[in-house]
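K.L.:
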Amino acid sequence: MNKDICVIFDFNGTMIFDGRFHDEAWKTYVEELSLVDVSEEDVEKWIKGKTPKEILEHFLGYELTDNMIEQFSEEKDRIYRSLIGRADVPLAPGLEDYLNYLLLAQVKRNIVSTAGPENMSYYFERYNLERWFKWEDVIIAAGDIPLKPHPDMYTAAIAKMNMPAEKTLVFEDSESGVKAAYSAGVTHIVAVTGDSKNKDLVVRPGVYRVIEDFTELR
Numbered sequence: 007m008n009k010d011i012c013v014i015f016d017f018n019g020t021m022i023f024d025g026r027f028h029d030e031a032w033k034t035y036v037e038e039l040s041l042v043d044v045s046e047e048d049v050e051k052w053i054k055g056k057t058p059k060e061i062l063e064h065f066l067g068y069e070l071t072d073n074m075i076e077q078f079s080e081e082k083d084r085i086y087r088s089l090i091g092r093a094d095v096p097l098a099p100g101l102e103d104y105l106n107y108l109l110l111a112q113v114k115r116n117i118v119s120t121a122g123p124e125n126m127s128y129y130f131e132r133y134n135l136e137r138w139f140k141w142e143d144v145i146i147a148a149g150d151i152p153l154k155p156h157p158d159m160y161t162a163a164i165a166k167m168n169m170p171a172e173k174t175l176v177f178e179d180s181e182s183g184v185k186a187a188y189s190a191g192v193t194h195i196v197a198v199t200g201d202s203k204n205k206d207l208v209v210r211p212g213v214y215r216v217i218e219d220f221t222e223l224r
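Read in order, the letters of the sequence shown correspond to residues 7 to 224 in our numbering.
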């Protein structure tokens with residue numbers, strides 16, 4: 007691989023396949039808050055693919071302040087971290103080999119994630135991510151940076167790598183992430199479907215390849 011490029015990864019659903027644990031954590035937490043049983047149909051309709059604001063306000067039935075949403079989301083994330091810890095969720099199949107290949111090839115690497123600081127710190131420790139990434143480079147949901155699908159997170163990550171967007175390869179698993187990368191000028195996007203099973207991403211602007219996991223890159 008040409009080292010005069012950079013490779014940027016989304017994290018959740020791309021580097022680890024953890025979607026069901028987020029859903030389970032939300033289900034557990036909103037049941038505690040609302041004292042109402044959440045059915046699998048409710049999970050499909052009101053949790054999957056929804057923002058924390060949408061989830062919480064639907065089940066609680068009233069509007070929440072940003073501070074309340076942040077506080078409730080942190081509680082949900084504690085449940086989530088406990089779940090993936092007990093399940094011993096690994097990195098996506100083939101990812102460790104691919105990251106080692108990029109490291110040996112001296113290809114610049116970064117992460118763009120809507121995870122907050124506590125979750126990303128947990129991921130760095132659990133998966134020993136400092137083998138391949140620098141904490142100070144990763145772009146996460148911190149401060150006032152607009153989140154995906156806005157392009158700002160990818161624009162910031164590309165700037166950190168000192169590399170133009172046209173020489174950037176992105177791995178994403180969501181429509182909002184693909185849109186964010188493309189809006190930042192990235193035209194080489196690989197959609198990862200091992201967690202989402204969303205084959206429709208292939209028709210999104212910028213997506214030139216769809217893989218289930220990183221073993222397909224061998």
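We put the beta carbon where it would ideally sit given N, CA and C, even for glycine. Small disclaimer: the values here were computed from a predicted structure and weren't measured.
Just to confirm, is the Cβ distance from residue 119 to residue 155 under 7 Å?
P.N.:
No, they are not a contact pair.
K.L.:
Just confirm the distance between the C-beta atoms of residue 190 and residue 157, as a whole number of angstroms; I'd bet it's less than 8 Å.
P.N.:
Indeed they touch by this definition, with Cβ atoms about 4 Å apart.
K.L.:
Checking 7 Å against the spacing of the C-beta atoms, do residue 93 and residue 9 come in under that value?
P.N.:
Going by C-beta atoms, residue 93 is not nearer than 7 Å to residue 9.
K.L.:
What is the DSSP secondary structure of residue 214, reduced to helix, strand or coil?
P.N.:
It is a strand residue.
K.L.:
Among 152, 11 and 103, which residue has its Cα nearest to the Cα of residue 137?
P.N.:
The residue with the shortest Cα to Cα distance from residue 137 is 103.
K.L.:
I'd like to know whether the C-beta atoms of residue 174 and residue 192 end up nearer to each other than 7 Å.
P.N.:
In contact: residue 174 and residue 192 (Cβ atoms closer than 7 Å).
K.L.:
Just checking my contact of residue 75 with residue 32 at CB under 8 Å: how many whole Å lie between their CB atoms?
P.N.:
About 13 Å separates the two Cβ atoms, so there is no contact after all.
K.L.:
Which same chain residues end up closer than 7 Å to residue 99 when comparing Cβ atoms and leaving out the 5 residues on each side of it in sequence?
P.N.:
So the qualifying residues of the chain are 219, 220 and 221.
K.L.:
Please classify residue 109 as buried or exposed, where buried requires at least 16 neighbouring CB atoms within 10 angstroms.
P.N.:
So residue 109 counts as exposed.
K.L.:
If the criterion is Cβ atoms closer than 7 Å, does the pair residue 147 and residue 153 meet it?
P.N.:
Yes.
K.L.:
Is residue 129 buried or exposed, if buried means 16 or more other CB atoms sit within 10 Å of its CB?
P.N.:
With 16 or more other Cβ atoms within 10 Å, it is buried.
K.L.:
In whole angstroms, what is the alpha-carbon distance linking residue 21 and residue 97?
P.N.:
Distance between the alpha carbons of residue 21 and residue 97 is about 6 Å.
K.L.:
Take every Cβ of the region 10-18, pair it with every Cβ of the region 70-87, and state whether three or more of those distances are shorter than 8 Å.
P.N.:
Touching, no.
K.L.:
Give the list of continuous alpha helix (DSSP H) stretches no shorter than 4 residues that lie fully inside the region 44-95.
P.N.:
58-66 and 72-93, all fully within the region 44-95.
K.L.:
Within its chain, find whatever has a CB closer than 8 Å to the CB of residue 71; leave out the 5 residues flanking it on each side and keep chain order.
P.N.:
Closer than 8 Å at the Cβ level, and outside the excluded window around residue 71, lies no residue.
K.L.:
For residue 125, which of helix, strand or coil comes out of DSSP?
P.N.:
Looking at residue 125 - three-state DSSP - the assignment turns out to be helix.
K.L.:
Name the DSSP bridge partner or partners of residue 115?
P.N.:
For residue 115, which the question treats as bridged, DSSP gives the partners 13.
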